[in-house]
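Here's the structure we're looking at; comments come further down.
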Amino acid sequence: MKRIACIFAASFFLFTGCAWFQSKEERSANELIADGMESFEDGKYEKAIEAFEQLKDWYPFSKYAILAELKLADSHFHQEAYAEAIVAYEEFESLHPRNEAIPYVIYQIGQCYFEQVDTIDRDQANTRKALDTFNRLIKSYPDNEFSKKALAHRTACQKSMAGHDMYVGRFYLKSKRYKAALHRFQSVLMNYPDVGLHHQALLYIADCRKTMEQRAAEGKLDGDPEKRWLLQKLKFW
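Just so it is clear: in the sequence shown, position 166 is 944 by this note's numbering, and no numbers are missing.
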């Protein structure tokens, strides 16, 4: 019985193995890239992903392998599967750091984060990552067309980051946490001077400092009965 089972298992392996190799041989690298690109152009991104992944796995040294890697990342991006797209783009950049598509790849990584930017009352982790990525692109390839496209997105990220600091600063101000509020408003001035919030931040900074000075003065007077009495009198003047 064991011998029969072994023979059956071997036969099954040979049959399925031959079928697998046959299916691989039936689809050449040329056919896979053609199928993948056609599916991609038609918006059938799942089919495109399947074709590009097969090309990568079956023909890693094909002249189409690099294109398949890039279009695989693009397919994930168009599916709004941004986490998968980031992994694919970063892998491409790591494997092909001198490829002419690298500025585009970095731009797309930034876009993946940018598409996930939340409102100013939410965590800005994706905004920060998008901003850092766009800054890296602009610094590394200042004259590239994708760097020029990234400039507008960088400004949008800066506005979002500044808006978040203003939002948190106002929250601290209402909570009477003046030092923390001051730090947020100063951050807007120092880090985002060109997003249109400069004047508003200055007003809040002046308000925080005035309140902190008043509280400090009150604290000093509280320790002296005569000065405390004088402070009470001043409040009614």
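Even glycine gets a Cβ: it sits at the ideal position worked out from N, Cα and C.
One alpha carbon belongs to arginine 932, the other to aspartate 813, and they sit about 36 Å apart. Distance from the Cα of alanine 958 is smallest, within the candidate group Pro971, Asn969, Tyr970, Met944, for Met944. For phenylalanine 839, same chain residues with a beta-carbon under 7 Å away, outside a window of 5 residues either side, do not exist. In the three-state scheme derived from DSSP, where H, G and I count as helix and E and B as strand, alanine 879 is classed as coil.
Counting C-beta pairs with one atom in each stretch, the stretch 907-926 and the stretch 871-888 have three or more that are closer than 8 Å, which means they touch. Scanning Leu960, Ala930, Glu868 for the CA closest to the CA of aspartate 972 turns up Ala930. By the Cβ criterion, the stretch 843-854 is in contact with the stretch 867-877, since at least three pairs of Cβ atoms, one from each stretch, lie closer than 8 Å.
Where isoleucine 827 is concerned, the enclosing alpha helix (DSSP H) starts and stops at 823-836.
Counting of Cβ neighbours within 10 angstroms places glutamate 847 among the buried residues, the total reaching 16 or more. Proximity of the stretch 907-914 to the stretch 888-897 meets the contact definition, three or more beta-carbon pairs being nearer than 8 Å.
Here DSSP, grouped into helix, strand and coil, assigns alanine 859 to coil. Under the 10 Å beta carbon count, histidine 977 is surrounded by fewer than 16 other beta carbons and is classified as exposed.
Our two residues, threonine 989 and tyrosine 956, have alpha carbons roughly 8 Å apart in a direct line.
Around the beta-carbon of alanine 903, fewer than 16 other beta-carbon atoms lie within 10 Å, marking it exposed. Under the three-state reduction of DSSP output, threonine 905 falls in the helix class.
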